[in-house]
Each structure stands twice: as C-alpha cells, then as structure tokens.
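Numbering (full-length UniProt numbering), first residue to last: 1 to 117. C-beta: ideal position from N, C-alpha, C; glycine also. Notes to accompany the following structure.
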C-alpha cells in the first residue's frame, strides 16, 4: 500500500469514527503498569485456598481444548499450565524417592525449557 493510500485510509477511518460508525481507537495498554497493579491486587486479595479454585476457573476463560488460533496471551497462560503440570510431576518424583527438599538447579531444569518456549 502506498503512502497516499495509507493516508486516505486513515482519513476515512477518522471520518467514520467522527460520525460514530467506527469505535474510537483503543488506548495502548501500559503493560508494565498493568502488571504491577495486577500483581499488587493479587497479592493483597487472593490469599486463600478458595482463590486457587477461582484461578483454575479463570484459566478456562482464557484457554480451552478447542482453540482454533492461539495468541501470545494464550501461550502465556498455557505455559503457566505446563509449569504447573511439570512441577507437580517433579514433586511426585521427589516423594517417590522419599525426598522432601530439592535444590534450585533441580527445579530450574524442569522450568527452564518451558520458560524458553
């Protein structure tokens, strides 16, 4: 698309937004600020076991087994789910070996490949 075509398209879009036919542009999300706010809220308000059940239900609002396209946000949620599965398997292996503690390097071997996906 040429610069002239892009300018014309932008002009038409503004005109349609002015008439209320198209919605206004959505402001960009400040990801760093959003992350800090959500982290703080979660730490303050989600402290009980019942919150774990709510978190599990909320995962279903982001991802499912019937996704046709998978966006970046969904990949992040799926990585969290995969981390949970692998850490659970790791801790089961520890129990089977009769251990209750582990070194950071051991757990890092489990989570690093998932974080690097």
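Spatial neighbours of residue i in its chain, beta-carbon cut-off 7 Å, leaving aside the 5 residues before and after
i	result
residue 59	77 and 81
Rounded C-alpha distance that separates residue i from residue j
i	j	result
residue 105	residue 30	34 Å
residue 4	residue 34	36 Å
residue 107	residue 32	27 Å
residue 62	residue 71	10 Å
residue 102	residue 38	30 Å
residue 90	residue 110	8 Å
Closest residue to residue i among the options (Cα-Cα distance)
i	options	result
residue 116	15, 79, 13 and 50	79
residue 87	39, 48, 113 and 11	113
Q: Examine the Cβ distances between the segment 53 to 73 and the segment 90 to 110 and report whether three or more of them are shorter than 8 Å.
A: These segments do not touch.
(Q) If we require 4 or more residues per run, which alpha helix (DSSP H) segments fall completely within the segment 32 to 70? (A) As far as the segment 32 to 70 is concerned, its whole alpha helix (DSSP H) runs of at least 4 residues are 49 to 62.
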